[in-house]
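In this note's numbering, the protein residues as written are 2 to 267. All C-beta atoms, glycine included, are put in the ideal place defined by N, C-alpha and C. Below: the structure, in structure tokens.
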């Protein structure tokens, strides 16, 4: 999974610490209308000293509080995810910013958030290809989430412009070739692949600069944040969010379950 996931963990930890201190501050300082009326300055100082001493002697309280806060945040994120993936009218499904490959009329949908510079996405590419081959009823929606580098953003812009000219198998060929690159991917590499596959380069470069391209990338980023998706690859399948390159076998099992009962887990 991409490094944005690690950064998210650090941010959540910092937020948990800040939230805990914000909660303790009124107690430690005696600030607040009621406390200010009921305690003298000396009493407030004494209360603060007692609480500080207790926390220093029992630091596990802080650890337990942070753990509890993290659990609550995860539960809230899971509830938000469930609400979004269960809503067929959500932008996750109605947005046209993704490329559709496989069977565009397929009854089973697999949505992938990816980055052209993500090594785990490269590893998952063969899994997606095999899943489409083994499941003629599978519709795959590729959503470009360029979070790793400026080059990823430039590659995403080229891909969006290429999608204006080609769809289906032709876009899949572009996607496979670019994602299979063993070097860092940026604008130059993406343009070279587009040219090789017969794109109208004048039109493509014009489309790359269109506001709709940038807005499409931003929209995908907003959807990912609403789903608390912080890394690539991440998949949406049968109202389930699957994070990481979990492999063909696990995804195939979930596809079979969706075919059987309409959910990734029957």
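Check, Outcome
"Beta strand (DSSP E) segment containing residue 103, residue limits", "100–103"
"Residue 44 burial status per 10 Å Cβ neighbour count (16 or more: buried)", "exposed"
"Residue environment, residue 59, which counts as buried when at least 16 other CB atoms sit within 10 Å", "exposed"
"For residue 51 and residue 256, the rounded distance between their alpha carbons", "58 Å"
"Contact between the region 75–85 and the region 226–233 (3+ Cβ pairs under 8 Å)", "yes"
"Sequence-distant residues of the same chain with beta carbon closer than 8 Å to residue 124, five excluded per side", "246"
"Close Cβ partners of residue 110 (< 7 Å) along its chain, the five nearest in sequence each way excluded", "140 and 142"
"Three or more C-beta pairs below 8 Å linking the region 203–214 and the region 157–174", "yes"
"As assigned by DSSP and simplified to three states, the class of residue 167", "coil"
"Contact belief for residue 179 with residue 121 at Cβ below 8 Å, rounded distance in angstroms", "That pair is no contact at about 16 Å."
"Residue 90 - DSSP class collapsed to helix/strand/coil", "coil"
"Residue 262 burial status per 10 Å Cβ neighbour count (16 or more: buried)", "exposed"
"Helix, strand or coil at residue 148 according to DSSP, with G and I counted as helix", "coil"
"Terminal residues of the alpha helix (DSSP H) in which residue 222 lies", "212–227"
"Residue(s) in a DSSP beta bridge with residue 115", "145"
"Backbone secondary structure at residue 154 - three-state DSSP", "helix"
"Stretch-stretch touch, CB-based, cutoff 8 Å, three pairs: the region 195–214 with the region 132–139", "no"
"Burial state of residue 103 (16 or more Cβ within 10 Å)", "buried"
"Beta-bridge pairing of residue 243 - partner residues as DSSP gives them", "236"
"Reference residue 193; option with closest CA among 145, 254, 163 and 88", "163"
"Start and end residues, alpha helix (DSSP H) containing residue 203", "202–209"
"Contact set for residue 100: own chain, Cβ-Cβ below 6 Å, skip 5 residues either direction", "143, 164 and 172"
"Residue 263 (DSSP reduced to helix, strand or coil)", "coil"
"Residue 196 - containing alpha helix (DSSP H), residue span", "188–197"
"Per-residue DSSP class, three states only, for residue 316", "Here the chain comprises residues numbered 2 to 267, so residue 316 is not present and cannot be evaluated."
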